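K.L.:
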Amino acid sequence: MKRQVSHLKDRSKEDEVADIKIDTVNKYYGDVHVIKDVSLDIKSQSFTVLVGPSGCGKSTMLRMIAGLEDIHSGTISIDGQVVNDLPPKQRNIAMVFQSYALYPHMTVFDNMAFGLKLEKRSKDEINERVQEAARILQIEDYLHRKPKQLSGGQRQRVAIGRAITRKPKVFLFDEPLSNLDAALRVQMRVELAKLHDQLNATMIYVTHDQTEAMTLANDIVVLDEGIVSQKGSPMDLYNDPNNLFVGGFIGSPKMNFISTKITSTSSDKTEVDLMGSSTISIPKTSASASAGDSVELGIRPEHLTVNADGDGSWESKVFVVEKLGSGTFLYLEKEGEPLVVETEGDSNIKVGDTVKVGFSASRCHLFDSSKQAFK
Amino acid sequence: MMSIKKISFFSLLIIILVYTCFPFYWAVVSALKKTGTGNFTVEYWPKQPTLENFFYVLSRPAFGSTFFNSVFVSTLTVLFCLVIALTAAYALGRIKFRGRTGLLMAILGTSMFPQVAILSGMFELTRSLGVYNTYQGLIMSYVVFSLPFTVWILTSFIRDLPMEIEEAAMVDGASSFVILFKVFLPLMWPAIATTAILAFIGAWNEFLFALTLTISPEVTTLPVYISRFRGESEHEIPWPNIMAASVLITIPLLIVVLFFQNRIVKGLTAGAVKG
Numbered sequence: 429m430k431r432q433v434s435h436l437k438d439r440s441k442e443d444e445v446a447d448i449k450i451d452t453v454n455k456y457y458g459d460v461h462v463i464k465d466v467s468l469d470i471k472s473q474s475f476t477v478l479v480g481p482s483g484c485g486k487s488t489m490l491r492m493i494a495g496l497e498d499i500h501s502g503t504i505s506i507d508g509q510v511v512n513d514l515p516p517k518q519r520n521i522a523m524v525f526q527s528y529a530l531y532p533h534m535t536v537f538d539n540m541a542f543g544l545k546l547e548k549r550s551k552d553e554i555n556e557r558v559q560e561a562a563r564i565l566q567i568e569d570y571l572h573r574k575p576k577q578l579s580g581g582q583r584q585r586v587a588i589g590r591a592i593t594r595k596p597k598v599f600l601f602d603e604p605l606s607n608l609d610a611a612l613r614v615q616m617r618v619e620l621a622k623l624h625d626q627l628n629a630t631m632i633y634v635t636h637d638q639t640e641a642m643t644l645a646n647d648i649v650v651l652d653e654g655i656v657s658q659k660g661s662p663m664d665l666y667n668d669p670n671n672l673f674v675g676g677f678i679g680s681p682k683m684n685f686i687s688t689k690i691t692s693t694s695s696d697k698t699e700v701d702l703m704g705s706s707t708i709s710i711p712k713t714s715a716s717a718s719a720g721d722s723v724e725l726g727i728r729p730e731h732l733t734v735n736a737d738g739d740g741s742w743e744s745k746v747f748v749v750e751k752l753g754s755g756t757f758l759y760l761e762k763e764g765e766p767l768v769v770e771t772e773g774d775s776n777i778k779v780g781d782t783v784k785v786g787f788s789a790s791r792c793h794l795f796d797s798s799k800q801a802f803k
Numbered sequence: 038m039m040s041i042k043k044i045s046f047f048s049l050l051i052i053i054l055v056y057t058c059f060p061f062y063w064a065v066v067s068a069l070k071k072t073g074t075g076n077f078t079v080e081y082w083p084k085q086p087t088l089e090n091f092f093y094v095l096s097r098p099a100f101g102s103t104f105f106n107s108v109f110v111s112t113l114t115v116l117f118c119l120v121i122a123l124t125a126a127y128a129l130g131r132i133k134f135r136g137r138t139g140l141l142m143a144i145l146g147t148s149m150f151p152q153v154a155i156l157s158g159m160f161e162l163t164r165s166l167g168v169y170n171t172y173q174g175l176i177m178s179y180v181v182f183s184l185p186f187t188v189w190i191l192t193s194f195i196r197d198l199p200m201e202i203e204e205a206a207m208v209d210g211a212s213s214f215v216i217l218f219k220v221f222l223p224l225m226w227p228a229i230a231t232t233a234i235l236a237f238i239g240a241w242n243e244f245l246f247a248l249t250l251t252i253s254p255e256v257t258t259l260p261v262y263i264s265r266f267r268g269e270s271e272h273e274i275p276w277p278n279i280m281a282a283s284v285l286i287t288i289p290l291l292i293v294v295l296f297f298q299n300r301i302v303k304g305l306t307a308g309a310v311k312g
């Protein structure tokens, strides 16, 4: 395909995708320090998810990469080039917004062609690119409709289509599925995963939903109040959380935390108190730990087995039973928050039953008083 | 059986209707009366209605050219106002800069001046710029006093347009100019229609500046032209003719309002900004 020669940008490298390097970036909103010395390396062609609770700074981070927010200090580089002072249109990025942000007075075709028309591409090229994107997203039938004639899911696909046609180096997604209903969200998640495979593009995705993070990401970056709490693959974060926050954030329902005390330590194990009467020896240690320290024992609901013995056990009364069909969640009485246990969908346990659960020591996590994990 | 609420509602409606429409009704009635002593008796409908006053006004040669002057001046005023106000609204409504609030207050403040207060200043200004007694001078002064409210209406409206559409356009590579004219403008028709109507009516009916800043018939606008009608003797004011002319010159306004009103409704129902 012949490419137009243009003074607007170098188009010979259009099909390449970029890596992003974020170096010690800080951002303030007035006096509030929202992004604190964040450094990240985002590999080319990866699907990186920035996840965290509301207010953690993930959207701000994304918008700084996009160029919609200023950077107080530090640098952001795309493909080796520092982009701090470049406006969005010169950064070769495309963004999909939470509320789609489609141009209401234009047809779907024009929405997707808008960026291309601004780049002064030929009509044929525009047509070809829009048709291709429409094909990938299965919205070919809607090209001549206006946004108000489309459903939420269709609008979201148009928004994604608008990003695809521009063939950017980086795709930025700002909570794109948050406005969709549950069923549609699952469907779109699958489509996004497929899209990433098809386009092989670098994608940065922001969400507060850890399920989206776990299912879509090659790399997850968990943000907590402006700092990177942990970065790694989904399974790394699931199996080896570095701190209490990540442990409690990844995995649904969230990890159970039992407050307890260390009874003894050794070079490869830590023994903690369990329900006052027994102890459990966990194959994790921390250099700063010693007997008598308060720690949090973390164990995931799915690693608790009903009526089975294990290295450790717990027994208390069930006060809520949630039956989902595919599984059942039992809420056991415990000091502080209840202990959540996941068991079979056809379990017969009722509210008021006293249940004993067992778990293995290797599945336990320990977090010290400064919330750091034992490793 | 109408409730008290309905009776009082309709009574209020009728009172308001009479209060606002009666002067126009009276003008029409006066226009239909014969010139002469007829218009010194109070008649709610003339005994001998006649259209001769309308014909008289329409047949006067200067009427046509004066009509053209009014149309020309008012239309150009509206156009200049809209262009300036739109671009100002974008800056004042969407761009944060130091002194923005102060500037907005100043713009609002200037509209508080009664026209009479700036009249002599305007006169001097037009004289020194050499545009006294020209279309340009008149249009310039009309734009000056129409801008405050035009800027305010458009600024408030543009402020309410969602940020994300603007950001999407920025990411797509649009310059501010493109954002304003290709993305925001189509969404702003209701506000633009409202502003256009108000500015047009203001310029069309304007008397004081037209009287002061123009002197020759080539440039005079309709309100001044009508005020110069002479009666049979120097003590007689030809009310029927004046009224006929007033009614006639209101008709274009009605057309303009009806035309733009369509746009306002269309714009509001276009589902302009959701998602």
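Just so you know, the sequences run in chain order C and Y. Following the working numbering, the numbering of the first sequence begins with 429 at its first residue and continues without gaps. Following the working numbering, the numbering of the second sequence begins with 38 at its first residue and continues without gaps. Ideal placement from N, C-alpha and C gives every residue a C-beta, glycine not left out. Since we're looking at a predicted model, the values are computed, not measured.
Quick one: Cα of residue 209/Y to Cα of residue 639/C, how far?
P.N.:
One C-alpha to the other measures close to 30 Å.
K.L.:
Could you tell me which of 172/Y, 294/Y, 276/Y, 228/Y sits nearest to residue 258/Y, measuring between CA atoms?
P.N.:
Cα-wise, what sits closest to residue 258/Y is 172/Y.
K.L.:
Does the stretch 92-109 of chain Y touch the stretch 156-164 of chain Y, meaning 3 or more C-beta pairs lie closer than 8 Å?
P.N.:
No, the stretch 156-164 of chain Y is not in contact with the stretch 92-109 of chain Y.
K.L.:
Quick check: the stretch 721-733 of chain C against the stretch 672-691 of chain C, are there 3 or more CB pairs under 8 Å?
P.N.:
Enough Cβ pairs lie closer than 8 Å, so yes.
K.L.:
Spatial neighbours of residue 567/C within its chain, please: CB distance less than 7 Å, with the 5 preceding and 5 following residues excluded, ordered by chain position.
P.N.:
Hits under 7 Å: 536, 582, 585, 586, 589.
K.L.:
If you run the structure through DSSP and keep just helix, strand and coil, what is residue 439/C?
P.N.:
Interpretation of residue 439/C is limited by its pLDDT of 47, a score under 50 that renders its predicted location unreliable; the figure taken from the coordinates is listed afterwards. In this structure, residue 439/C counts as coil in the three-state DSSP scheme.
K.L.:
If you pair each beta-carbon of the stretch 494-506 of chain C with each one of the stretch 448-455 of chain C, do three or more pairs fall below 8 Å?
P.N.:
They touch, by the three-pair rule.
K.L.:
Please name the residue in 459/C, 449/C, 466/C whose C-alpha comes closest to that of residue 651/C.
P.N.:
Per the Cα distances, 466/C.
K.L.:
Indicate the three-state DSSP secondary structure (helix, strand or coil) for residue 93/Y in the structure shown.
P.N.:
DSSP places residue 93/Y in helix when its eight states are reduced to three.
K.L.:
Rounded to a whole number of angstroms, what is the C-alpha to C-alpha distance between residue 181/Y and residue 192/Y?
P.N.:
Residue 181/Y and residue 192/Y: Cα-Cα distance of roughly 17 Å.
K.L.:
Among all the DSSP beta bridges, which residues are the ones paired with residue 771/C?
P.N.:
Residue 771/C is bridged to 756/C.
K.L.:
How far does the alpha helix (DSSP H) with residue 49/Y in it reach, from first residue to last?
P.N.:
First-last of the alpha helix (DSSP H) with residue 49/Y: 41-68.
K.L.:
Buried or exposed: residue 795/C, going by 16 or more other Cβ atoms within 10 Å of its Cβ?
P.N.:
The residue is buried, with at least 16 neighbouring Cβ atoms inside 10 Å.
K.L.:
Restricting to Cα atoms, I'd like to know which of 87/Y, 251/Y, 267/Y, 142/Y is closest to residue 106/Y.
P.N.:
Taking only the C-alpha atoms, the option nearest residue 106/Y is 251/Y.
K.L.:
So, residue 787/C versus residue 753/C, is the Cβ gap smaller than 8 Å?
P.N.:
Result no, Cβ atoms of residue 787/C and residue 753/C do not sit closer than 8 Å.
K.L.:
Skipping 5 residues on each side, what residues in its chain have a beta carbon closer than 6 Å to that of residue 125/Y?
P.N.:
These residues qualify, in order along the chain: 188.
K.L.:
Could you tell me whether any Cβ in chain Y is nearer than 8 Å to the Cβ of residue 438/C?
P.N.:
Low local confidence applies: a pLDDT of 47 at residue 438/C is under 50, so the model's placement there is unreliable, with the coordinate-based value given in what follows. So, not an interface residue.
K.L.:
Please classify residue 630/C as buried or exposed, where buried requires at least 16 other C-beta atoms within 10 Å of its C-beta.
P.N.:
Looking at its Cβ environment, which holds 16 or more other Cβ atoms inside 10 Å, residue 630/C is buried.
K.L.:
Can you tell me which of 279/Y, 299/Y, 295/Y puts its alpha carbon nearest to the alpha carbon of residue 90/Y?
P.N.:
The shortest C-alpha separation from residue 90/Y is found at 279/Y.
K.L.:
For the stretch 622-637 of chain C and the stretch 664-676 of chain C, state whether three or more C-beta atom pairs, one from each stretch, are separated by less than 8 Å.
P.N.:
Cβ pair count under 8 Å is below three, so no.
K.L.:
What does residue 220/Y touch in chain C if you count any residue whose Cβ is under 8 Å from its own?
P.N.:
Near residue 220/Y (Cβ distances below 8 Å), the residues of chain C are 531.
K.L.:
Would residue 550/C be called buried (16 or more neighbouring beta carbons within 10 Å of its own) or exposed?
P.N.:
Counting Cβ neighbours within 10 Å, residue 550/C comes out exposed, since fewer than 16 surround it.
K.L.:
Please return the same chain residues whose Cβ sits closer than 6 Å to the Cβ of residue 282/Y, not counting the five positions on each side in sequence.
P.N.:
Closer than 6 Å at the Cβ level, and outside the excluded window around residue 282/Y, lie 94, 263.
K.L.:
Rounded to the nearest angstrom, how far is the Cβ of residue 708/C from that of residue 740/C, given a contact under 8 Å?
P.N.:
Right, their Cβ atoms sit about 4 Å apart.
K.L.:
Is there at least one Cβ from chain Y nearer than 8 Å to residue 516/C's Cβ?
P.N.:
By this cut-off, residue 516/C is an interface position.
K.L.:
At the level of alpha carbons, what is the spacing between residue 512/C and residue 487/C?
P.N.:
So the alpha carbons of these two residues sit roughly 17 Å apart.
K.L.:
Count the other CB atoms, across all protein chains shown, that sit within 10 Å of the CB of residue 609/C; report buried if there are 16 or more and exposed otherwise.
P.N.:
Exposed, because fewer than 16 other Cβ atoms sit within 10 Å of the Cβ of residue 609/C.
K.L.:
Give the straight-line distance between the Cα atoms of residue 438/C and residue 547/C, rounded to the nearest whole angstrom.
P.N.:
Reliability fails at residue 438/C, whose pLDDT of 47 lies under 50, so the model's placement of it is uncertain and the value that follows must be treated cautiously. The straight-line gap from Cα to Cα measures roughly 12 Å.
K.L.:
Label residue 484/C either buried or exposed according to how many other C-beta atoms from any shown protein chain fall within 10 Å of its C-beta, with 16 as the threshold for buried.
P.N.:
By the 10 Å Cβ count, residue 484/C comes out buried.
K.L.:
Got a sec: which bits of the stretch 482-496 of chain C sit with their beta carbon under 9 Å from any beta carbon on chain B, in order along the chain?
P.N.:
Among the protein chains in the structure shown, which are C and Y, there is no chain B.
K.L.:
Indicate whether at least one CB of chain C lies closer than 8 Å to the CB of residue 94/Y.
P.N.:
With 8 Å as the cut-off, residue 94/Y does not count as an interface residue toward chain C.
K.L.:
Any idea if residue 539/C is buried or exposed, counting beta-carbon neighbours within 10 angstroms, 16 or more meaning buried?
P.N.:
Burial call: buried.
K.L.:
What are the boundary residues of the alpha helix (DSSP H) that includes residue 623/C?
P.N.:
Note, residue 623/C: alpha helix (DSSP H), 610-627.
K.L.:
Assuming residue 205/Y and residue 529/C form a contact by the criterion Cβ under 8 Å, report the distance between their Cβ atoms to the nearest whole angstrom.
P.N.:
Yes, they are in contact, since the Cβ atoms of residue 205/Y and residue 529/C sit about 4 Å apart, within 8 Å.
K.L.:
If I'm right that residue 842/C touches residue 475/C with Cβ under 8 Å, what's the distance once you round it to whole angstroms?
P.N.:
Residue 842/C lies beyond the range of chain C shown here (429 to 803); nothing can be said about it.
K.L.:
Grab me the residues of residue 47/Y's own chain with a C-beta within less than 6 Å of its C-beta, minus the 5 sequence neighbours each way, in chain order.
P.N.:
Nothing meets the Cβ criterion.
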